[in-house]
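Numbering (full-length UniProt numbering), first residue to last: 1 to 193.
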């Protein structure tokens with residue numbers, strides 16, 4: 001295996017462990033075993049476990065942002081923004097361990113609002129803020145600070161998902177999705193110009 005292929009194999013194995021069992025399962029020994037190399041060989045590619053976890057998170061954010069940017073093909077700005085929020089729900093339900101690590105646990109490297117977001121360090125919230133700013137320029141939504149509105153929208157979506165995952169809804173998955181999307185629509189309706 002080349003150095004790059006080995007690094008990719010390490011990331012893939014770590015990501016699969018993380019996704020299946022959570023961050024506690026991502027140990028250098030288990031990853032090395034899955035890849036077929038020695039634990040010490042991992043350190044040629046990643047200086048430590050934290051660096052590996054950070055890379056998994058960053059790749060996850062980039063992947064989500066790429067999916068969200070693809071919504072730009074839709075003409076309706078409300079539909080585009082709503083689609084990003086449905087993608088967020090899908091991500092949370094399909095990858096609960098990554099979702100929790102990215103958004104629900106305190107981390108030293110986590111982005112902070114407002115400075116990190118206004119400096120465009122969030123691949124995902126950049127997309128939402130840009131969609132909001134575009135809609136404000138086009139008169140779809142009333143004029144406001146797109147970053148503050150993006151954070152409000154994110155907090156609303158995240159709160160609903162966290163409550164659902166904590167068992168605070170008696171809805172099944174289909175009912176919750178319908179409630180979630182209707183709730184996001186209500187919020188977006190309140191932003192209209």
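Ideal Cβ placement from N, Cα and C applies to all residues, glycine included.
#### Entry: Length of the line joining the Cα atoms of residue 194 and residue 85
Residue coverage of the chain in this structure runs from 1 to 193, which leaves residue 194 outside it and unanswerable.
### Message
Just to confirm before moving on: does the CB-CB distance between residue 42 and residue 51 stay below 8 Å?
### Response
no
#### Entry: 8 Å Cβ cutoff met for residue 18 and residue 98
yes
#### Entry: Buried/exposed call for residue 171, threshold 16 Cβ in 10 Å
exposed
### Message
Could you check whether residue 188 and residue 78 sit closer than 8 Å to each other, using their CB atoms as the reference points?
### Response
yes
### Task
Have a look at the DSSP bridge pairing and note the partners of residue 141.
192
### Message
Distance check for residue 126 and residue 137, CA to CA, integer angstroms please.
### Response
Looking at the two C-alpha atoms, the distance is approximately 16 Å.
### Task
Leaving out five residues on either side along the sequence, give the residues of the same chain with a beta carbon under 8 Å from the beta carbon of residue 146.
129, 130, 132, 133, 136
### Query
So what's residue 117 in DSSP terms, helix, strand or just coil?
helix
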